[in-house]
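Sequential numbering from 998 applies to the sequence shown in our numbering.
Note that CB positions come from ideal geometry on N, CA and C, so glycine has one too.
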Amino acid sequence: MRTNKIFFTALFAAFLAACAGAKPAPTPVDLVEVKEETAEELFEQGVEAMKAENWNDAKEAFTKAVERDPSLANAHYDLGVVSEQLGDLAAAEAAYEATLQADPSHRGARLNLGQVYRLRGSFSKAAKLYEEALKEDEYDVDYLNNLAVIYRLEKRYDEAIASLRKLLSRTPANAEAYKNLGLVYLDQGNVRLAEFVLAEARKLDDQDAGVFNNLGLIALRNDDRRQALGLFARAVELDGECYSCRMNVGAAALAFRDYEAAHTAFEKAKQLEPNSFQAHLMDAFALDGAKRAQEAAAAYERVLTLRAEHPDALFGLGELYNGPLSDLSKAKEYYQRYLALSGNLPKRELADQRVQMIDLRLQAGQDQAQEEAPAARKSSGGDKDLGEMDFDFIPEDQAGEDEDLEGDAGEGEGDLDGEGVEGDGSAGVDEEEGTHPDEDALE
């Protein structure tokens, strides 16, 4: 009996010892709910990033916002604005088109999309966009002015004149319309009529830099270079932020082979209109003339990102790699890309000769040879005399044409400062077109 008592006592002690060493049962923990940001919250984050000019952060926020809610029109719109700031016109175009899918009447998207179409050379798309918009309001100043610019670039002069006359029938004090009309007449060779309508624009606003810029073009057409250069200088004095005025000052400097002065003017123009391929192209000419080959090559490459396979950029790169940059394989590549283009190429025969010479040098094992550029090589822009230039320098004209001076126009566009706001402002079409008060967007 005593033995059993000892056994049970020992067993009970062992049980207590085992319990003393056991871990307590885990207490259930409530799951933490992670709240997903809404499209509206992401949109606000993007707006704040835009205010701080943190463009990449803004792009990320707006991209997430439209993924969460594709119907959020202003998020698409501001994504387009940010894409323009980052120099991605293809993304900007897609974003503005998506804006119009979400809100077909979004004014800022229409205006900005039209400008992007123009910058990318899609004139027919721009014309169709404005024509459709005018069905809602046939006397809209922005759309009529912008459409007239597009018609002019397409050389549809009668339609351009009709659009501007329609605009002036309702707003006869519109100086921008007179400036555009003057440029149309100048294109048609009607210099006296161009002078008349630009004089009307000057009466309406005698401090308008664009008027003096365009009068400078007329002076050049009349072969009065001294007066033209004075008018261009006056335009810059009136408005240091006038893109086309800076371009014309640079082109004049380029004509007289003052390459550094030309570069300074084009550098400012690039700051004003970073997505204008022509500002980068003209700067490449200036840098090439100044023997700054690496910088010139970078400028030409930037042109190709803005206007794919632009012939002047391709040929210019071929010349640089065939000359000071000494890379015959690259030179041949760019010449061949130039030769693959359709249409009238003024340097086709020369490019073909270059390719043949490169093949001979490569076959002879001279790929690394250092030699001077061929004597026939000339600076793409600087060797022209001012009197030989095509003075109506319009970045949107057909690729391959050397336009060296430009008319001044402000294209109506949406607010490129973003922040969920749309409106109309001064733009960068090269001729001074419509400038209009901003409008608040619906958010």
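Query	Result
Which two residues bound the contiguous alpha helix (DSSP H) that contains GLN1333?	1325-1336
With DSSP run on the structure shown, which of helix, strand or coil describes LEU1235?	helix
Drop a sphere of 10 angstroms on the beta-carbon of LYS1200, count the other beta-carbons inside from all chains shown, and report buried for 16 or more, exposed for fewer.	exposed
Keeping to the same chain, check which residues put their C-beta closer than 7 Å to that of ASP1349; ignore five residues upstream and five downstream.	LEU1336
Work out the CA separation of LEU1269 and LEU1039 for me, nearest whole Å.	30 Å
Does THR1168 come out as helix, strand or coil in the three-state DSSP assignment?	coil
Counting beta carbon pairs with one atom in the segment 1089-1108 and one in the segment 1065-1080, are three or more of them shorter than 8 Å?	yes
Under three-state DSSP, which class holds TYR1140?	helix
Determine, using beta carbons only, whether LEU1317 and ALA1283 come nearer to each other than 8 Å.	no
Would you mind reading off the limits of the alpha helix (DSSP H) that contains ASN1123?	Per the sequence presented here, residue 1123 reads as Ala, with Asn not at that position. 1120-1131 is the extent of the alpha helix (DSSP H) around ALA1123.
Could you compute how far the alpha carbon of THR1035 sits from the alpha carbon of GLY1043?	12 Å
Specify the secondary structure class of HIS1307 as computed by DSSP and reduced to three states.	coil
When the Cα atoms are used, what is the spatial distance from ASP1202 to GLU1264?	28 Å
The ligand SAH and ASP1356: does the residue's C-beta get closer than 7 Å to at least one heavy atom of that ligand?	This structure does not include the ligand SAH; it has no bound ligands of any sort.
Which of helix, strand or coil does DSSP assign to SER1102?	coil
Check for me: the alpha helix (DSSP H) holding SER1241 runs from which residue to which?	1240-1252
Using alpha carbons as the reference points, say which of TYR1332, ALA1249, GLY1186, GLU1192 lies closest to PRO1308.	TYR1332
So, for ALA1058: in the same chain, excluding its five sequence neighbours on each side, which residues have a beta-carbon less than 8 Å away from its beta-carbon?	LEU1039, PHE1040, GLN1042, GLY1043, ALA1046
Would you kindly work out how many angstroms separate the C-alpha atoms of GLU1457 and LEU1110, rounded to a whole number?	In the structure as shown, the chain starts at 998 and stops at 1440, and residue 1457 therefore has no counterpart that could be examined.
Taking the runs of the alpha helix (DSSP H) that are 4 residues or longer, which of them lie wholly in the segment 1158-1202?	1172-1184, 1188-1201
If you follow the alpha helix (DSSP H) that ASP1356 is in, where does it begin and where does it stop?	1345-1360
What is the DSSP secondary structure of LEU1076, counted as helix, strand or coil?	helix
How far does the alpha helix (DSSP H) with GLN1042 in it reach, from first residue to last?	1036-1048
ILE1215 and GLU1192: beta carbons closer than 8 Å?	yes
Reducing DSSP to helix, strand and coil, say where ARG1153 ends up.	coil
Could you tell me the alpha carbon to alpha carbon distance between TYR1182 and VAL1188, rounded to whole angstroms?	7 Å
Exposed or buried, which one is GLN1112 when buried takes at least 16 other CB atoms within 10 Å?	buried
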